[in-house]
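Here's the structure, in structure tokens; my notes come after.
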Amino acid sequence: MSQFSVADARVVVVGAGRSGIAAARLLAGRGARVTLSEAGREVAGSGLLADQGIEIEVGGHRADTLGAADLIVSSPGVSPRLPEIAAARRRGIPVISEVELAARWLRGRLVAVTGTKGKSTTVVVTARMLEAGGRHAVVGGNIGVALSSQVETSRPEVVHVVEVSSFQLELTETFRPWIAVCLNLSPDHLDRHASFEEYAGAKARVFANQTPDDAMVINADDPDVLRIARAGRARALRFAVETRLAEGVQVTAGGIAQRSAGGEKCLVPMSAVRVPGRHLLGDIAAAAAVGTLAGVDAGAMTRAVQSFTGLEHTLELVREIDGVRFVNDSKATNVVAARAAVECFGAGVVVILGGRFKGGRFEDLRAALASRDASVVAIGEARRQVRRALEADVAVHEAGTMDEAVQSAAALARPGGAVLLAPACASLDMFRDYAARGVAFRNAVAALAASGWSPERGRGREQARDRGREQ
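The sequence shown begins at 0 in numbering that gives the first Met the number 0 and counts up by one.
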């Protein structure tokens with residue numbers, strides 16, 4: 000545990016979301032004089048925070064408050080380019096992220112998982128493998144509870160398996176995982192990062208403070224991951240779905256295996272995998288790589304994978320109605336994740352796309368959609384962009400609400416087909432977060448089922464609407 004101290008220091012926490020509140024409480028408990036600054040008009044649990052001596056400022060971030068701080072802790076949702084933060088940094092006031100703060104006080108080991116897609120699945124499967132292998136593992140960071148909430152119960156025997164985003168990593172200074180995992184890299188969050196290179200540079204910080212005593216798990220299928228890992232000093236263990244490895248963790252026809260000069264050892268048989276999608280095999284392979292580094296045996300890995308049937312909002316089967324499957328992949332918040340989701344389905348899939356655009360190219364979805372004779376229902380701020388990018392090859396419809404989108408998609412669905420929510424966008428134009436978007440999809444599907452909808456009735460209604468438009 001670090002000797003880092005905030006006793007009697009003036010600390011401003013910027014952003015009163017889950018991470019910010021956890022950081023504020025941790026700091027107050029460590030003797031800091033804490034101000035929690037929130038752009039909104041209210042803070043959840045403000046009475047309890049005030050009881051801890053935490054001062055709360057709402058309605059915007061005040062330059063004079065930040066300028067008087069000894070330390071600023073920024074929540075992931077707050078950009079370092081915020082003028083008040085940028086001004087404080089120019090004055091020499093240190094600005095760190097919440098995970099950086101928490102990691103300075105952790106006593107347990109840290110496994111940090113980053114990448115553009117697949118982080119949550121990898122974190123959960125990794126933790127289950129460690130637990131099955133006799134380790135005490137806890138999940139945190141961008142999934143589950145904030146890392147700051149785990150500090151007071153952290154012990155040397157605990158392994159903290161943490162999902163870390165580029166937003167959390169870009170303000171790290173000493174953050175040093177025992178095992179750092181980078182799953183993949185593709186353009187994302189370009190509404191906040193100035194370029195793909197800046198985004199990749201933030202991800203690369205997961206390796207920055209590691210030493211040869213640490214380890215990195217890297218995706219041999221992704222040249223950008225291999226590129227940013229070259230500067231790392233930790234020993235590397237590669238995993239791959241497509242690339243054939245002489246050494247590393249490999250997805251094979253029979254399952255997930257570890258290859259070395261001594262031969263091949265099966266870690267997880269394919270019969271144990273209960274989640275759809277080839278891309279999720281890569282996440283499980285990454286988790287297995289962490290497991291091998293942590294000394295988890297193949298039997299424990301297999302038991303963990305057998306018990307894992309997927310996460311909420313990740314290729315989640317919501318319901319099947321008269322042979323049409325309705326699948327919620329609201330966590331597919333970028334183009335690459337959406338394409339991987341589409342590739343899990345066959346001909347006639349209907350995809351609900353759109354939301355708040357954050358970079359990438361919708362055109363990259365054309366081949367996967369067109370080859371499946373797919374239809375698209377576009378929603379949110381990006382719906383016109385979706386139409387412009389895809390309509391030359393794919394039928395694109397628009398909807399104003401999630402209920403309308405589900406109804407329109409259902410009317411387009413074929414018996415034996417699927418309706419897939421894979422937005423390729425952030426959710427904040429219409430919803431609080433991706434989870435709220437996924438819940439709205441579930442609710443819309445439930446309402447559809449309650450209405451007595453069937454593919455035949457849906458097509459009849461759609462044809463009637465089309466006749467009305469023609470008249």
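The beta carbon of each residue, even a glycine, is placed where N, CA and C say it ideally should be.
ask   = From Val317 to Ala417, what does the alpha carbon distance come to, in whole angstroms?
value = 11 Å
In whole angstroms, give me the CA-to-CA distance for Ala111 and Arg40.
For Ala111 and Arg40, the gap between their C-alpha atoms comes out near 33 Å.
**Prompt:** Beta carbon of Gly132: closer than 7 Å to some heavy atom of the ligand FMN?
**Reply:** With respect to the ligand FMN, the structure offers nothing, as it holds no ligand at all.
(message) By the DSSP assignment, the alpha helix (DSSP H) with Val267 in it spans what residues?
(response) Run containing Val267: none in the alpha helix (DSSP H); it sits in the beta strand (DSSP E), 262-268.
Q.
Spatial neighbours of Arg273 within its chain, please: C-beta separation below 8 Å, excluding the five flanking residues on both sides.
A. Within the same chain, Arg273 has close Cβ partners Val304, Gln305, Phe307, Thr308, Gly309.
- request: Within its chain, find whatever has a CB closer than 8 Å to the CB of Ala86; leave out the 5 residues flanking it on each side and keep chain order.
  value: If the five residues before and after Ala86 are omitted, its C-beta is found closer than 8 Å to the C-beta atoms of Ala62, Leu65, Gly66, all from its own chain and listed in chain order.
So is Asp282 buried or exposed if we call it buried at 16+ other beta carbons inside 10 Å?
-> buried
Contact between the stretch 127-137 and the stretch 41-56: three or more CB pairs below 8 Å? no
| request: Look at the Cβ atom of Leu170, then the Cβ atom of Ser78, and state whether they are nearer than 8 Å. | output: No.
Three-state secondary structure (DSSP) of Ser426:
coil
TODO: Can you grab the Cα-Cα spacing for the pair Arg371 / Ala449, in whole Å?
DONE: 29 Å
Worksheet item: Hey, Ile95 and Ile84 are a contact pair by Cβ (cut 8 Å); roughly how many whole angstroms apart?
Response: Actually they do not touch by this definition, with Cβ atoms about 11 Å apart.
For the stretch 287-297 and the stretch 327-345, state whether three or more C-beta atom pairs, one from each stretch, are separated by less than 8 Å. Taking 8 Å as the limit for Cβ pairs, the verdict is that the stretch 327-345 does not touch the stretch 287-297.
Range covered by the alpha helix (DSSP H) that runs through Leu487: Here the chain has residues from 0 to 470 only, and residue 487 is not among them.
State the DSSP-derived secondary structure class of Thr113, mapped to helix, strand or coil. strand
Could you give the C-beta distance for Leu266 and Ala245, rounded to a whole number, given that I count them as a contact under 8 Å?
-> That belief does not hold up - the Cβ atoms of Leu266 and Ala245 are roughly 17 Å apart, past 8 Å.
Q. Of the choices Met128, Asp392, Lys118, Ser45, whose alpha-carbon is the least far from that of Arg302?
A. Met128
Using only the alpha-carbon positions, how far apart do Gly467 and Asn183 sit? Note on Gly467: pLDDT 44, under 50, position unreliable in the model; no value is reported.
Stretch-stretch touch, CB-based, cutoff 8 Å, three pairs: the stretch 150-162 with the stretch 107-127 = yes
For Leu129, the three-state DSSP class (helix, strand or coil):
Look at Leu129 here: in three-state DSSP terms it is helix.
field: Inter-stretch contact (C-beta, 8 Å, three-pair minimum) for the stretch 402-413 and the stretch 429-436
entry: no
key: Distance between Ser453 and Ala131 (C-alpha atoms, nearest Å)   = 43 Å
Worksheet entry | Cβ neighbour criterion (16 or more within 10 Å) applied to Lys357 | buried
Exercise. Whose CA, out of Pro222, Gly262, Gly253, Phe206, lies closest to the CA of Ala235?
Worked result: Phe206
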